[in-house]
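What follows is a set of notes on a single structure, which appears directly below.
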Amino acid sequence: MNKREEIISLWFEMWLQKKDLGILKIFSENATYIESWGPRYDSSKKIKLWFDEWNSRGTVIKWDINQFFHKENQTIVEWYFECQMEAEEATAFDGMSLIEWTDDNKIKFLKEFGCNINNYDPYKSGNDPKFKDVEIGWF
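The sequence shown lines up with residues 1 to 139 when you count with my numbering.
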């Protein structure tokens, strides 16, 4: 595992442990983090604030890394995520993060993308699509 993969794995592990194991060391001071459903955090201090606050009301159950892709100062990581917020059912989705690095291997930009795990073929019964009548996910 290379250094960048170790840093990403540490970030995921922090969520699983609900413990800051070095947020200010792995994110650049002026880092930007964008969640798949819209919230944006500008600065490592805001990322830490969000991490601490979120973990006071939610729990990450799983955050499994499937694969990494690296190109120059960027990494894409594909993952599976499952969490539970207070008094709510657990939710899960597949996702990817696009990460840009500083020259000293700190995260300067991270943008998440989410994908519903409840896939189906709307053309299974013919040429007219039949879509599930379900609430659309937040990502």
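All residues carry an ideal CB built from backbone N, CA and C; glycine is no exception. For clarity, every value in this text was computed on a predicted model and none was experimentally measured.
| Asked | Found |
| --- | --- |
| Which two residues bound the contiguous beta strand (DSSP E) that contains residue 42? | 40-42 |
| Give the range of the alpha helix (DSSP H) segment to which residue 111 is assigned. | Where residue 111 is concerned, there is no enclosing alpha helix (DSSP H), although the beta strand (DSSP E) it sits in stretches over 107-115. |
| Grab me the residues of residue 67's own chain with a C-beta within less than 6 Å of its C-beta, minus the 5 sequence neighbours each way, in chain order. | 78 |
| For the candidate residues 124, 73, 25, 93, whose alpha-carbon lies nearest to that of residue 37? | 93 |
| My output table needs one value for residue 52: the three-state DSSP class, helix, strand or coil. | helix |
| Name the residue from 86, 127, 72 whose alpha carbon lies nearest to the alpha carbon of residue 101. | 72 |
| Using DSSP bridges, identify the partner residues of residue 101. | 107 |
| Under three-state DSSP, which class holds residue 9? | helix |
| Using the C-alpha atoms, what's the distance from residue 69 back to residue 7? | 14 Å |
| How about residue 23 and residue 51: are their beta carbons less than 8 Å apart? | yes |
| Which class does residue 37 belong to by DSSP, given the choice of helix, strand or coil? | coil |
| Is the beta carbon of residue 122 less than 8 Å from the beta carbon of residue 131? | yes |
| Going by other Cβ atoms of all chains shown within 10 Å of its Cβ, with 16 needed for buried, is residue 126 buried or exposed? | exposed |
| With DSSP as the reference, label residue 62 as helix, strand or coil. | strand |
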